[in-house]
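*Asks:* Residue numbers (full-length UniProt numbering): 1 to 65. Got a structure for you, written out below as structure tokens; questions coming shortly.
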């Protein structure tokens, strides 16, 4: 886990969108998706629930935020 990955996570939560977070951070959407997947794997938990176009922060995600 590094500070960049945490910044990506925070921005996704703020924007409620992987695409908008990527635009704000000047990276591609696949980069954001991959970094958050790696973070979830590293922490062995689910941080966000992706429901179509909607993102829901899990209880675990809220505690990590």
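All C-beta atoms, glycine included, are put in the ideal place defined by N, C-alpha and C.
Here's a check: name, in chain order, each residue in its chain whose Cβ is nearer than 6 Å to the Cβ of residue 10, leaving out the five neighbours to either side.
*Replies:* Counting only Cβ-Cβ distances below 6 Å, and skipping sequence neighbours, we find nothing.
*Asks:* Can you tell me whether residue 39 is buried or exposed, with buried defined as 16 or more other CB within 10 angstroms of its CB?
*Replies:* That one is buried.
*Asks:* Measuring alpha carbon to alpha carbon, tell me which residue in 31, 44 and 48 is nearest residue 16.
*Replies:* For the residues 31, 44 and 48, the minimum Cα distance to residue 16 belongs to 48.
*Asks:* Look at the alpha carbon of residue 25 and the alpha carbon of residue 33, and state the distance between them as a whole number of angstroms.
*Replies:* Answer to the nearest angstrom: the Cα atoms are 13 Å apart.
*Asks:* If I'm right that residue 13 touches residue 65 with Cβ under 8 Å, what's the distance once you round it to whole angstroms?
*Replies:* So it is a contact: roughly 6 Å between Cβ atoms.
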